[in-house]
Amino acid sequence: MAKLKMKSVRIIALRQDRKRLLEHLQDSGLVQIEKTETCRKGFGKIDMTSQIQIFERNVTLSENALKILDSNSPEKKSMLSAFCGRREIDPDEIGVIASNAGEVIDVCNRICELNKQIADNAAERIRIKTALAQLEPWKNLDIPLNAKDTKTTAVFIGSIQKEYNEVSLSKALAEASPKLEFDFEIQFANEVLTCIVLFAPIAQKELAENALRDIGFAKPVTNSSLTPLAESKKLVERSHKLEDDTENAKKEIISFSDRRKDIKDTQDYFRIRADKYSVIGELQHSRNVFVISGYIPEEDCEKLERLCERVSVCYVEFGDVDEEKAPVKLKNSRFAAPAESIVNMYSPPSHDDIDPTPLLAFFFYFFFGMMFSDAGYGLLMVIGTGLAIKLFKPDKEMRNTLKLFQYCGVSTFFWGLVFASFFGDAPATLYNYFTGADITMKQIFPWPTIDPQKDALMLMIISIAFGLVHILVGMGCKFYVCLRQKDYGGAFFDTGLWMLMLIGFAVLAAGMAFGQTLIYVGAGIAIFCAIGLVLTQGRNKKGFGKVIGGLASLYDITGYISDLLSYSRLLALGLTTGVMAQVFNMLSTMFGKSWFGIILLIIVFIIGHAINIGLNALGSYVHTMRLQYVEMFGKFYEGGGKQFKPFKLNSKYIKIQEDKSK
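The sequence shown runs contiguously to residue 826 in the numbering used here.
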């Protein structure tokens with residue numbers, strides 16, 4: 165278990181070498197560069213905001229272009245493509261990408277313009293559809309909707325939000341204006357709308373307007389001088405043209421599909437430049453030199469010195485750091501390293517914490533296997549993750565994730581052999597199906613096995629026993645941390661007595677099965693520890709609070725009992741995996757021994773076990789993580805440290821090949 169010792173670093177280099185040095189630092193990922201709040205005399209910062217905004221705008225533009233390409237011409241990927249790492253390129257290829265960046269950005273702009281055109285066309289077609297719906301009631305009208313008055317006749321074209329026929333409309337107009345002389349035609353009428361054309365003497369225009377206003381008359385909003393039928397034809401033609409334009413725009417977008425790789429490379433290029441210029445904006449500059457300050461693991465100091473000597477004429481200075489402020493970088497064995505992501509997901513260790521990764525890794529693999537507990541599933545995990553690592557050569561993060569599940573697969577295979585489970589009871593079920601025999605999995609496996617269904621009580625005891633060990637390991641870590649901090653009271657009274665009490669209860673429980681002597685020994689240890697807790701847990705309080713604090717501390721035993729019962733999930737998840745597998749095996753053999761039955765057997769077997777793997781692998785992962793975070797970490801781990809974040813290539817698609825001459 166190791167938290168790498170950190171050093172502060174300061175690099176003073178010639179300003180003319182700034183670009184080259186930063187690129188090599190970014191490529192190496194050795195240093196975490198820190199922001200400097202105050203500048204030395206003669207030094208200042210350079211405002212890189214405008215350049216960074218340009219780079220970030222290009223990154224956003226390329227991201228949008230890729231999304232548009234994916235929506236119109238999805239990239240063909242296999243189901244396993246997620247395991248592929250970033251594309252490795254030669255350092256010289258960055259220069260080629262840079263020289264082509266302007267042309268690629270023009271392509272991205274064109275893709276986005278075409279997509280906007282498609283969106284505008286869609287909006288315009290919606291407006292046309294709405295206009296056509298509004299013109300539909302007027303399709304038989306042979307004059308424009310905005311027809312003007314003549315010298316002798318006032319023309320009113322519009323609608324009323326009510327149903328009228330000729331009689332009711334005449335009556336309504338007569339009641340509204342008895343002196344009005346008029347003639348009208350009803351163009352359309354339904355239960356909510358009546359469209360009319362009304363004619364009145366030009367001398368009575370104002371009278372007609374008042375009468376129509378009284379019955380809720382409204383003119384249509386239109387500027388067209390065409391008849392409704394002609395206007396409808398014009399709108400339909402416009403809609404068809406927009407549809408053709410949209411199809412042509414989509415075809416043009418699809419024609420850029422072969423530029424997807426160039427767009428990804430260019431996006432990474434601008435992302436790398438944005439990161440570099442963000443750092444430049446935080447550095448101290450004078451007329452001739454610039455200063456880089458940050459943190460570096462002590463073991464990488466020599467690498468950094470060699471890199472700086474090769475790249476630039478510069479001065480490198482290392483110093484001690486305040487552990488409370490310094491970031492944390494973990495370094496573990498190949499066995500434990502894949503579990504670092506789980507630790508960092510919770511929180512990196514603080515300067516007072518030990519690195520819990522090795523312990524977490526062991527128990528994570530162990531408990532995952534016990535929950536998943538099928539040798540067939542474990543074998544698939546080991547082979548599948550191994551092939552993914554071999555064939556796809558994933559990056560470090562994905563490789564560690566695959567390694568995590570590979571080790572979980574080994575544990576799952578082991579526990580599958582213990583529980584006599586290989587795709588559930590598939591060997592026995594298939595043998596009985598084809599031969600008519602009646603053998604069990606215990607008869608197939610040549611060693612003693614545990615049946616989670618028949619030996620559930622024993623497995624429950626085993627699960628809680630493993631839980632006790634897990635909790636004691638966590639408390640042992642707390643004991644060690646207290647000793648390291650010279651908190652001897654916390655080590656022996658707050659942690660040691662509880663550890664002994666739990667051991668005493670375990671001995672007492674064992675005595676119920678193995679004899680009276682162990683009962684007496686266990687009870688004696690527990691009573692001794694209880695007295696010790698009563699006498700010591702209130703030691704920091706005054707007066708009567710010392711007694712009350714000591715007695716109240718015994719209530720914590722309920723928390724430990726609750727924690728121990730949480731490990732019953734080891735039994736529950738293991739039992740669920742096995743039972744579901746057996747159910748799918750049984751269903752697959754229900755269709756007889758005909759060719760049709762055998763085909764259905766294969767289909768049900770594959771689909772059923774795929775569902776079982778998906779559901780229970782996820783459940784095992786989540787519940788195993790919970791046991792680490794709550795039951796073990798809660799006993800000793802504080803977290804809250806700052807994770808070491810080196811200045812490195814933050815690329816999504818490409819990876820620069822290492823310089824073999826380093």
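Backbone N, C-alpha and C define an ideal beta-carbon position, used for all residues, glycine too.
Rounded to the nearest whole angstrom, the C-alpha separation of F420 and N285 is 21 Å. Within the same chain, L734, T788 and L791 come within 7 Å of F531 by CB-CB distance, once the 5 residues on both sides are set aside. Pairing F656 with I712, the inter-Cα distance amounts to about 20 Å. Between G533 and G542, the beta carbon gap of about 7 Å places them in contact (Cβ cut-off 8 Å). Per the C-alpha coordinates, the member of A336, D602 and M665 positioned closest to I635 is M665. The criterion of a C-beta distance shorter than 8 Å is satisfied by S396 and L296. Bounds of the alpha helix (DSSP H) holding V574 are K560 to V582. Annotation: E407 to L399 spans about 12 Å, alpha carbon to alpha carbon. According to DSSP, residue pairing for T317 in a beta bridge involves P365. Cβ neighbours of K809 within its own chain (closer than 8 Å, five residues either side excluded): Q196 and P491.
Taking C-beta atoms under 8 Å as the contact rule, S784 and F536 qualify, at a distance of about 5 Å. Comparing alpha carbon positions, the residue from A367, Y595 and D589 closest to P616 is D589. By the C-beta density criterion, T753 is buried, having at least 16 other C-beta atoms within 10 angstroms.
If you compare the alpha carbons of K642, S334, A375 and A501 with that of M562, the shortest gap goes to A501. Cβ atoms of M170 and P513 stay farther apart than 8 Å, at about 13 Å.
The beta carbon of Y571 lies closer than 6 Å to those of Y529 in the same chain, with the five residues before and after it left out. DSSP places Q351 in the uninterrupted beta strand (DSSP E) bounded by D347 to A353. In this model, F434 and I175 are separated by some 25 Å (Cα to Cα). With 16 or more other CB atoms across the displayed protein chains lying within 10 angstroms of its CB, H773 is buried.
With three or more CB-CB distances shorter than 8 Å, the stretch 208–227 counts as touching the stretch 440–453. Out of L230, I258, S192 and S758, the CA that lies nearest to the CA of D422 is found in L230.
For E330, same chain residues with a beta-carbon under 7 Å away, outside a window of 5 residues either side, are I350 in chain order.
In the DSSP annotation of this structure, the continuous segment of the alpha helix (DSSP H) that includes R291 starts and ends at P255 to L299. The continuous alpha helix (DSSP H) containing P392 extends over residues P392 to S419. Contact fails between the stretch 460–474 and the stretch 744–759, because fewer than three Cβ pairs, one in each stretch, are under 8 Å apart. DSSP places R179 outside any beta strand (DSSP E), giving it a letter other than H or E. Contact fails between the stretch 300–313 and the stretch 324–344, because fewer than three Cβ pairs, one in each stretch, are under 8 Å apart. Taking a cut-off of 8 Å on C-beta distances, the stretch 606–614 does not touch the stretch 630–644, as fewer than three cross pairs fall below it.
According to the DSSP secondary-structure assignment, H449 is paired through a beta bridge with G208 and F454. Collapsing the DSSP output to three states places G322 in a strand. Per the C-alpha coordinates, the member of K799, G458 and G804 positioned closest to G483 is G458. Taking the CA atoms as reference points, L333 sits about 23 Å from V385. Considering only C693, G548 and G804, the residue with the shortest C-alpha distance to Y510 is G804. Taking the Cα positions, I418 is about 12 Å away from R274.
Looking from the CA of V768, the closest CA among M744, A781 and V786 belongs to M744. Between S323 and C359, the C-beta gap is smaller than 8 Å, which places the two residues in contact.
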